[in-house]
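The sequence shown finishes on residue 1115 if you use full-length UniProt numbering, and the numbering steps up by one all the way, no holes. The beta-carbon is built from N, C-alpha and C at its ideal position, and this holds for glycine as well. Single-structure report; data block below.
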Amino acid sequence: MNSTAQYQLNTSSLVGPVLIYLAMIVYGSLLPFHWNGLSLSAAWANFQHIPLLKLGIASRADLVANLLLYIPFGLLLCGRLVGENRQPRLMSIGMLLSLLLSLTVALGVEFIQQFFAPRTVSLNDIFAELAGAILGIALWPVIGKHLTRLPQTIANGGTQAREGILIAYALLYAVLSLFPYDFLLSFDEWRDKLASGAAGWVFAPNCGEKCFLRLIPEALLVAPLAALIFRHPSQHHLPSLLLSAAITGAILGVLIESLQLTIASGISQGASVISRAAGLALGAGLIPVARSMDWLALRQYINPILGLGILPYLGALAGLNGWFSGDRLGVSEGLERLGDIHFAPFYYHYFTTETIALASLLFQAALYLPIGAGLWLWHWSSFRSEWQQDHKRRTVVAGLVAGIVACIIEAGKLFITAKHPDPTNILIAVAAAMGAYRVLHALSTPQPDTPASSARFKPEEIASRHYLTPILEKFAEIPRAEQLLSKERPHWTVAAGVLAIVFATWAAITTPLSTGWVFLSLIVYATLIWRQPSLWLVWVPALLPLLDLTHWTGRLFWTEFDTVLLVTLGVAYLRLGSRLPPQRSLRRFGRLLFFLFVLSAAISFVIGLFPLATLDHNAFSNYISSYNALRAVKGLLFVLAFMPLLALQWEEPVRATNRLALGMTLGLAGTVAYVLWERATFPGLFNFEDDYRITGPFPGMHVGGAYIEAFLTATLPFVALLAWEQRRAWVTVLAVGLYGLGGYSVMVTFSRGGQAAFALASLVLLLGFLKLAARGGSHRFSNMIAVILIAGVAAAITWPIFSGQYSQTRWAIAEQDMDVRAAHWADVLSIIQRQNASLFGMGLGSFPAAYFWNSNAPSRPATYGFVNENGNSLLRLGSGDPLYFEQTVAVVAEQSYTLTMDLRAKTGNPTLIPVVCEKAMLYSYTCASPPLRINTPDKNWFHLEVQIHAKNLGPPGSRLPRPVILSLYNGEPGTVVDVDNVRLLDISGKNLVRNGDFSDGMHHWFFSTDNYWPWHVENLYLSVFFEQGWFGLLCFLALIVYAIVRWLPRAWRNDPLSLVLCASLTAFLAVGVLNSWSDEPRLSFLFYLLLIAGLIAEAPFVQTRQHSAMIRNNP
């Protein structure tokens, strides 16, 4: 007989819970304890005439709350009086007494409530409380004993504790899924619910961006249920397990979303079914990962990670509690507010709805759970056999630490105008931290010694009880140091792969482009990577410059290339996880420098991200948003995720080099093709006189920047590397042609920094490959001819452009432009000085906002934003330096169109200028009509309708159509205009404008500007200093110097990859002298990818030298 069967209920142990719960009922029912002075006789007279109220749907949640409140009381009371007795007569007597006592408590509480305002008394409450008590009493014979045993089971630890925790979580999940239980009870309520837009086949119409955001927590919250549903995953292969979990999750999602239809405040949508299916599949996928993971090997990493995480956690905790938002108060003013604070627990929760109160409680608990979890991990990783001892004291310590932190956080709210401290949050913090510590202790505690379990289980017996047991019972074992260091790397790759696929799926679902084509493309790409996972090193650099469709999607912070990176990571981790090398991929000193730089970026990321902006349409549609920090950091984050895959690639250095060279060359070829199309479509391939600077496939240049020249100059050296590695005549011929066309592309950027970088990188390549060719033995002469041929063709192509009128004009005013740059850099430095941010910087992605609010420049760029008025979204255009809010439209030449929109002057007398023109990103050509200046003096909405005839579109004598763009611009200084319902109708009545009502925010819209200074620091090193301070700049420079010091000797010793990396790095750094490119995520990803790849590529050399030394020392 096991311990479960031997469990005997001690009914006297329920006395304490009954009294505690009774005190909770009385406390919660009388809160906020405002005595109204009612006499006892008046109260008795009123109580004899308690009304039965006709409650609407708004009060139904209160009624259900009373019912739920008495269910545990009836259950506990019946358990105390009935216990395990199953004799019908004794059970009936005990249950009747329980009902009478419950009724007495309900009547007594309702009577006392009359003395406290603003409490109300009604028969509705009494009936609901009585119904709850009856339900609790009825539940006792069915599940009462199991529920009362659950806390003790969890406290005992072992297998049953883990199952008990999962069961408790499942019950809590079920209870909260339908909260606040305001069920629909009439036909009219159903009709109003269905007409409210709270239900949708994919997304609920009235939910807005919250519907997208709720999918992630929905998926994560359902994932733990997989551990309960799939207790024996060894019976399933991984694909069938994932499929079963997805189907089960979908069924659960259909059930919950169907029940949400019956709740007045519920939101029901089909996307939530998919998110729950994905979440349960994620949880099921983690089961075999958890079984195979060597948890003990993680101990050595826990304390450093926790130490590094303390500052970011505290910063995030302060930010999420509003420390960085609102106006500040002085010390005296803040302390004066202390007298207005109510210290009664849950006082402020009474004055809001049940839903908001519960959300606040769960939110605060989630904020402080990491303290308990972190302290448990700290103790667990201590490598001492007594880490499990005295866990009660350690649990209390976790609560005290959380309480102290919460006191500081709540006290800080005294000095923030828009916030007020809530002492209840301190209690929640204590309970959350203690609960987290206690649950983790129970999970890690071995099976307790009982008469049935005192004998040590065999491994197969333990595994048969529960899949978590063979993992978590290892937590109590203390390995020797040499055993710990010999452990292989934990198999975490399945979890990472599944997460990446889930996020990529979410990105594909929410794309403004055609979802079907996006999904099909991703499936094809994922299939290719699955079949040949090692070719990701070809695909990623090849697709990098081509997959940014922001000017069509309007998504500034997430591109199609980001989605491809997620798919690549997901498939590669799932496919290659077991092959990832266990050894460290960088030398110790390089690892230290890179770690310090990442630490600096993490600190600056937190600085830039907080205070968090409101999550609305403006959050991710403007570079001035604080969420621009997410955009700025994602390149580095992606490189961190790719590091294990890079290390695996360089287990075969020759193949890895060839793949990298091929991928970079393909990316360059795609970019050159785009540049040739752009030149042919707009100024002409051989027009070197007019003012036209290419932007290439880099929509980020809508605000200027040096992205195209940085990419071209950094990738061109890999063309030479590919030709050198292949040693084939046809490859050399193609390389010569592509290098020449790449040089042409660099020159037509007409960027002086880009042209200089190209010349410098080409010189490094020429000298380096000539030296390598001199060592080529029998191929020495042919190698030198090939190198000279590439250089000669590049010079022949680029010289006419360089000597052209426009290029020479640009170089002639170089000194004048340098004065302008120097003034701009001085302004940037003054911003840092005024903000006292020289140590850690202003934060990643913070420059546009910092310039807008703090610059000494006389002007600012015009603004745009989205406003929601009574559920209607509209565009608000401010004034300033010209900013064109635009969208590509399918206008055909010689056709008539009707442009309509609604306008309203918000401030001043604005002048809206709508323009329909052929346009490159930064240059306008033929316009379908002259610009219209529309005055809007009135403050009321008025409807505009304009006829447009598209004529003379397209370059003369060319079959290449130019894109046509509709642009909106507020041309009156100091004014604001509201725009809504923009439409461009063709002769058949088809609307060519997408999202013209701005209901989807920025989707399908884009913007460009004429003034580029407000968006870039225009110097790489100053940009790093601005965002990351001295700490980040020194780490960055140290990492660069270290890479060069490591690569130059290898290049001198006949390593062409090191030579090419030196040339590429030279190009990046040279372009960065006069321009910024690090604020483009794709370029920062490429830069760090090449940097880390070069440092990882050194590992085979290091291991070979070490191995040779060992042989010499141990013959």
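Contacting residues, own chain, Cβ-Cβ under 6 Å from residue i (five flanking each side not counted)
i: residue 166; result: 227, 228
i: residue 1010; result: 882
i: residue 757; result: 713, 1067, 1070, 1071
i: residue 243; result: none
i: residue 634; result: 1081
i: residue 1118; result: There is no way to answer for residue 1118, as the model of the chain reaches only from 1 to 1115.
i: residue 724; result: 1056
Beta-carbon gap between residue i and residue j smaller than 8 Å
i: residue 906; j: residue 979; result: no
i: residue 219; j: residue 258; result: no
i: residue 964; j: residue 1035; result: no
i: residue 223; j: residue 279; result: yes
i: residue 312; j: residue 628; result: no
i: residue 502; j: residue 282; result: yes
i: residue 722; j: residue 798; result: no
i: residue 812; j: residue 753; result: no
i: residue 925; j: residue 962; result: yes
i: residue 585; j: residue 646; result: yes
i: residue 429; j: residue 368; result: yes
One or two residues paired with residue i in a DSSP bridge
i: residue 200; result: 269
i: residue 950; result: 895
i: residue 864; result: 877
i: residue 919; result: 924
i: residue 1009; result: 883
i: residue 983; result: 900
i: residue 976; result: 907
i: residue 991; result: 985
Spatially closest choice to residue i from the options, by CA coordinates
i: residue 922; options: 698, 1024, 129; result: 698
i: residue 573; options: 873, 98, 494; result: 494
i: residue 37; options: 632, 80, 112, 716; result: 112
i: residue 138; options: 1098, 319, 75, 432; result: 75
i: residue 828; options: 993, 1024, 872, 16; result: 1024
i: residue 708; options: 766, 352, 1076, 831; result: 1076
i: residue 997; options: 568, 874, 791; result: 874
i: residue 561; options: 543, 41, 645; result: 543
i: residue 928; options: 974, 999, 703, 893; result: 893
i: residue 761; options: 750, 49, 746, 772; result: 746
i: residue 547; options: 506, 42, 677, 670; result: 670
i: residue 86; options: 68, 141, 96, 104; result: 141
Reduced DSSP category for residue i - H, G, I as helix; E, B as strand; rest coil
i: residue 724; result: helix
i: residue 904; result: strand
i: residue 883; result: strand
i: residue 1124; result: Look at the range of the chain in this structure, 1 to 1115, and you will see that residue 1124 is not part of it.
i: residue 1084; result: helix
i: residue 1122; result: One cannot answer for residue 1122 here, as it falls past the ends of the chain, which runs 1 to 1115.
i: residue 1001; result: coil
i: residue 706; result: coil
i: residue 817; result: helix
i: residue 943; result: strand
i: residue 872; result: strand
i: residue 967; result: strand
i: residue 117; result: strand
i: residue 109; result: helix
Neighbourhood of residue i by C-beta, 7 Å cutoff - its chain only, sequence neighbours within 5 removed
i: residue 1089; result: 639, 642
i: residue 604; result: 840, 841, 843, 844, 1027, 1028, 1032
i: residue 683; result: 690, 692
i: residue 1061; result: 1047, 1090, 1094
i: residue 439; result: 165
i: residue 319; result: 610, 611, 612
heavy atom of the ligand SAM below 7 Å from residue i C-beta
i: residue 742; result: Absence of the ligand SAM is noted for the structure shown, with no ligands found whatsoever.
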